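Using my numbering, read the sequence shown as starting at 1129 and increasing by one per residue.
Idealized CB from N, CA, C, for every residue including glycine.
If you're wondering where the values come from, they're calculated on a predicted model, not measured in any experiment.
Accompanying notes for the structure given below.
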Amino acid sequence: MNSMKDLGCELYEFAESLWPLNRSLTGEGVRETLLTIKAILPNLKIIEVPTGTKVFDWNVPKEWVISDAYIITPEGEKICHFGTNNLHVVGYSTPYKGKLSLEELQDHLHSLPDQPDAIPYVTSYYAPRWGFCITEEKRRTLKTGEYEVFIDSQLIDGNLNYGELIITGDTKEEIFLSTYICHPSMANNELSGPTVTTFLAKWLTELPNRKYTYRIIFIPETIGSLTYLSKNLEILKDRVKAGFNITCIGDERSYSFVPSRQCNSLSDKVARHVLKWVDPEFKEYSWRDRGSDERQYCSPGIDLPVASIMRTKYGAYPEYHTSLDKLGTVVTGTGLLGGFNVIKSAIEALEKNLTPRATVLGEPNMGKRGLYPTLSQKGIYQDVRLMMDVLTYSDGTQSMLEIAEKCDQPISQIQEICKTLFDFQLISFSD
């Protein structure tokens, strides 16, 4: 990896490359997004699941194809043009061509009175309808008269596409990373997730050694996770030790966390620990505040240990699901880099979370090993107290993460101490 500053720039530039693509549950925008990711992750498999395929209680929807859409006002002005902003059209809008009065058109317009300068993000995936999204400011200027409406779209039998990357490790036990690629141009709620996940996967691929195998997927939200689970549930339940749903990870405002339904899974413990040392003011939500694919991964009968580490949580920032969720304002290179680093730290904690066991009965003679002052006087003992605390908890039943919590220290520091103790043959490790 390049320097941290360079990496922040790379993350931001990659998000910029994804920005113009019109992503939805299905369609060309999803495929183009996956191909862009594959350019960085050549081993990414792009998988097709045909329209109508049954996935638990759902069916894969038709593929949405849209070429153009707009409204022409009585004055001849073209507004709500899909080519200007892909949020202007309600997601999955059916085709329409015709002329309507303003009163008739109003039933098909969506705006936000409380955010008059924002275009809202609206979808109608599973009920056929058409519509446009418009700023409240513009909507208030519309005058009585005849409006020409044009939506060149199709709903066809096609495919749902998703990407899967398996990075093998020393064991078959897996860490599961999932992010979604189904929203159009919104920065924190959409692009931060696949951007950070892509570069985490790149970093993992370049590691010389990995304890765990990594299963990383890029999917449409909800229907994509249901589809993936329906095809892979048995192996996921057998192998996944911890996992993270990666979303809303690119702003600079805060850090937050939604636990798994169990609330005490390994993923939850690692997330809480890492976030505490990154941002002591991080916000922990409850499982009842869930809203992304953790809903599927942790549902009864599936019960995967998947948590969500985020910057500002979906729904908790004013620009959420609007055109105001922009690159450069809401999401920055610095914000993306912070998101990358916090999940990287969680993965490193998992990778190195061994269980130490002391090899010497009683307290070892640290002085003869140069690890302890040979002159005893007030205050000196505190300098090595943490090392002795690590030793006293190294009974073969407590992991480094558990010891870090008891010592109220970041696991990275405990890992460094354990390496020293191991080098002096004062502890051994078990997984």
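- CA-CA distance, Glu1318 to Thr1375, rounds to 7 Å.
- Rounded to whole angstroms, the gap between the alpha carbons of Gly1463 and Ile1377 is 7 Å.
- Under DSSP, Phe1557 takes part in a beta bridge, and its partners are Pro1484.
- 9 Å or more divides the Cβ of Ile1165 from the Cβ of Gly1371.
- With respect to the C-alpha of Arg1151, the residue from Pro1202, Phe1210 and Asp1421 having the closest C-alpha is Phe1210.
- Taking 4 residues as the minimum length, the alpha helix (DSSP H) runs contained wholly in the stretch 1268-1344 are 1320-1334, in order along the chain.
- Rounded to the nearest whole angstrom, the CA to CA distance from Gly1461 to Ser1145 is 14 Å.
- Assignment of Phe1468 by DSSP, reduced to helix, strand and coil, places it in the helix class.
- Under the DSSP assignment, Ile1174 falls in the beta strand (DSSP E) whose first and last residues are Lys1173 to Pro1178.
- Under the three-state reduction of DSSP output, Cys1535 falls in the helix class.
- One alpha carbon belongs to Ala1315, the other to Tyr1342, and they sit about 26 Å apart.
- In this structure, Ser1393 keeps its C-beta atom at 9 Å or more from the C-beta atom of Glu1476.
- Looking at Tyr1442, His1236 and Thr1272, the one whose alpha-carbon comes closest to that of Gly1321 is Tyr1442.
- Here the alpha carbons of Ile1194 and Ile1309 stand approximately 17 Å from one another.
- Its chain contains Ser1152, Trp1192, Thr1251, Ser1252 and Tyr1253 as the residues whose beta carbon lies nearer than 7 Å to that of Tyr1220, once the 5 sequence neighbours on both sides are disregarded; these appear in chain order.
- Val1518 is not bridged by DSSP to any residue.
- Distance from the Cα of Pro1484 is smallest, within the candidate group Ala1532, Arg1497, Thr1440 and Leu1499, for Ala1532.
- With at least 16 other beta carbons inside 10 angstroms of its own, Arg1418 counts as buried.
- Ile1545 is bridged by DSSP to nothing; it lacks a bridge partner.
- The stretch 1155-1174 makes no contact with the stretch 1267-1281; the number of CB pairs closer than 8 Å stays below 3.
- In this structure, Thr1263 is the residue among Thr1263, Lys1359 and Thr1520 with its C-alpha nearest to the C-alpha of Gln1234.
- The beta carbon of Gly1226 lies closer than 7 Å to those of Val1277 in the same chain, with the five residues before and after it left out.
- Along the length of the stretch 1399-1458, whole alpha helix (DSSP H) runs at least 4 residues long occupy 1422-1425, reported in chain order.
- When the alpha-carbon of Tyr1224 is set against those of Ile1168, Pro1348, Gln1282 and Lys1173, the nearest one is in Gln1282.
- Between Tyr1340 and Glu1302, the gap from beta carbon to beta carbon is short of 9 Å.
- Under the DSSP definition of a beta bridge, Trp1192 partners with Leu1283.
- In this structure, the beta-carbon distance from Val1434 to Phe1304 falls below 9 Å.
- Here the alpha carbon of Ile1168 sits roughly 47 Å from the alpha carbon of Glu1203.
- Spatial neighbours of Leu1149 in its own chain (CB-CB distance under 6 Å, excluding positions within 5 residues in sequence) are listed in chain order as Gly1157, Glu1160 and Thr1161.
- For the 9 Å CB-CB criterion, Leu1237 and Ala1246 do not form a contact.
- Across the set Glu1412, Asn1289 and Ser1358, the C-alpha of Asn1289 shows the shortest separation from the C-alpha of Phe1346.
- Between Ile1284 and Thr1179, the gap from beta carbon to beta carbon is short of 9 Å.
- Between Ser1388 and Phe1184, the CB-CB gap reaches or exceeds 9 Å.
- Proximity to Lys1300 across Pro1189, Trp1331, Lys1369 and Ile1175 peaks at Lys1369, based on C-alpha coordinates.
- Straight through space, the alpha carbons of Leu1549 and Ser1353 are spaced by roughly 43 Å.
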